[in-house]
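Take a look at the structure set out below.
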Amino acid sequence: MKKIIAFASILILSSCAELQQIASQLPQEYGVSNAEISSGLKQALEFGIDKEVTKLANEDGFFSNELVRIGLPPELQKVDKTLRDVGLDALADEGLKVLNRAAEDAVSEAIPVFADAVRGITFTDARDILLGADNAATVYLSDRTEEELYSKFNPIISNSLDKVGATQVWRNIIQKYNSLPITTNVNPDLPDYVTHEALDGVYVMIAQEEKDIRNTLSARSTDLLRRVFALQDR
Numbered sequence: 463m464k465k466i467i468a469f470a471s472i473l474i475l476s477s478c479a480e481l482q483q484i485a486s487q488l489p490q491e492y493g494v495s496n497a498e499i500s501s502g503l504k505q506a507l508e509f510g511i512d513k514e515v516t517k518l519a520n521e522d523g524f525f526s527n528e529l530v531r532i533g534l535p536p537e538l539q540k541v542d543k544t545l546r547d548v549g550l551d552a553l554a555d556e557g558l559k560v561l562n563r564a565a566e567d568a569v570s571e572a573i574p575v576f577a578d579a580v581r582g583i584t585f586t587d588a589r590d591i592l593l594g595a596d597n598a599a600t601v602y603l604s605d606r607t608e609e610e611l612y613s614k615f616n617p618i619i620s621n622s623l624d625k626v627g628a629t630q631v632w633r634n635i636i637q638k639y640n641s642l643p644i645t646t647n648v649n650p651d652l653p654d655y656v657t658h659e660a661l662d663g664v665y666v667m668i669a670q671e672e673k674d675i676r677n678t679l680s681a682r683s684t685d686l687l688r689r690v691f692a693l694q695d696r
C-alpha cells in the first residue's frame, strides 16, 4: 500500500532480540500485565476506528479530507486533463467526487471487519507493538488484515459505485474521452482502485489516532490507556 508505506515507518521491534527481551520484562517491572497491554492497544485501535474512521463514512468524509481524498489513477488523470482542455470541467469534477462518495458509502459497512481484526491481537503481539513506531499497531493491523479486508471491501465498493452513480458517471466520461480523436482508449478497474484507496484512507486515519495517543497525554482518555502507554514513555 503506497500511502501506508509513505505514511508508516518499519516495525523495528520484531527484528531486534534485545528490545524483544526488554518488552517481555516491562509488565513485571512496571506492574502492567500482558493482558492490560493487549487491552490497551486494542482500545487505542478501537478509538481510532470509532473516532477517525467513522468520520470517513460521512458525506465529504473522504472528499474534504486532504489526508485521504481519493484522486484519480494515472490512466484517468489524462482523461481528466483532456476533458478540462476541451471545456468539460463540470463533468471532470463530478467524476472525481463520485469516487470519493463510493468510498464514503462503503466505510461504515466495513467498520465491524476492523473491529474483529483488532480483537485478534495476541499478548505477544501487543508487547512488541507497544515499543514500536508511532503507528506500529496500525502497521500490524494493515499487514495482517489487508487481504481479507480487500475481499470484503471490494463488493461493497462495487455496489457503492453503482449506488452513488459513479459507475454511470465514469462510463459516460470514458465513453466521451474514448470518442475523442486525439486519445487512446482507457478502461480502468474503478472498483479495484477505489477499494485500495479506501483501505489506505482507513489505515491512515487509524494511524493518526494511534500517534496522538502515543504522543499526547491528553489523548489517553482512559486509565487503561494512561497506564499502558506510560510504558513507552519511560
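Counting with the numbering used here, you get residues 463 to 696 for the letters of the sequence shown.
Every residue, glycine too, gets a C-beta built ideally from N, C-alpha and C.
Check, Outcome
"So, helix, strand or coil for T586, using DSSP?", "helix"
"Out of A572, T584 and R589, which one is the CA nearest neighbour of I511?", "A572"
"I'd like to check one pair, P653 with N616: are the Cβ atoms closer than 7 Å?", "yes"
"Of all the options I499, E498 and D542, which has the alpha carbon lying nearest to the alpha carbon of N634?", "D542"
"Taking only three categories from DSSP, how would you classify G663?", "helix"
"Contact defined as beta carbons within less than 8 Å: I believe F576 pairs with V515. What is the distance between those atoms, to the nearest angstrom?", "7 Å"
"Under a Cβ-count criterion, where at least 16 other Cβ atoms within 10 Å of its own Cβ denotes burial, should G493 be classed as buried or exposed?", "exposed"
"Can the beta-carbon of I499 be found closer than 7 Å to that of A588?", "yes"
"Would DSSP call G510 helix, strand or coil?", "helix"
"How long is the line joining the alpha carbons of R676 and I591, rounded to whole angstroms?", "12 Å"
"Spell out a yes or no on whether the segment 596 to 604 and the segment 673 to 687 are touching, meaning 3 or more CB-CB pairs, one atom from each, closer than 8 Å.", "yes"
"Leaving out five residues on either side along the sequence, give the residues of the same chain with a beta carbon under 7 Å from the beta carbon of Q483.", "Caution applies to Q483, whose pLDDT of 46 falls short of 50 and renders its modelled position unreliable; the value that the coordinates give is listed next. Hits under 7 Å: none found."
"A565 and V626: beta carbons closer than 7 Å?", "no"
"Could you say which of E528, T584 and E608 lies nearest to K504 if we only look at CA atoms?", "T584"
"Taking its Cβ as the centre, do 16 or more other Cβ atoms sit within 10 Å of T607, making it buried, or is it exposed?", "buried"
"List the whole-angstrom C-beta distance separating G557 from V631, where the pair is believed to meet the contact cut-off of C-beta under 8 Å.", "6 Å"
"Given K517, which residues of its chain have a CB within under 8 Å of its CB, disregarding the five upstream and five downstream residues?", "G523, N527 and M667"
"Going along the chain, which residues of its own chain have a beta-carbon closer than 6 Å to the beta-carbon of R688, five neighbours each way excluded?", "R682"
"To which residues of the same chain is E610 closer than 7 Å at the C-beta, ignoring the five residues directly before and after it?", "none"
"Anyone know if the C-beta pair for A568 and I618 falls short of 7 Å?", "yes"
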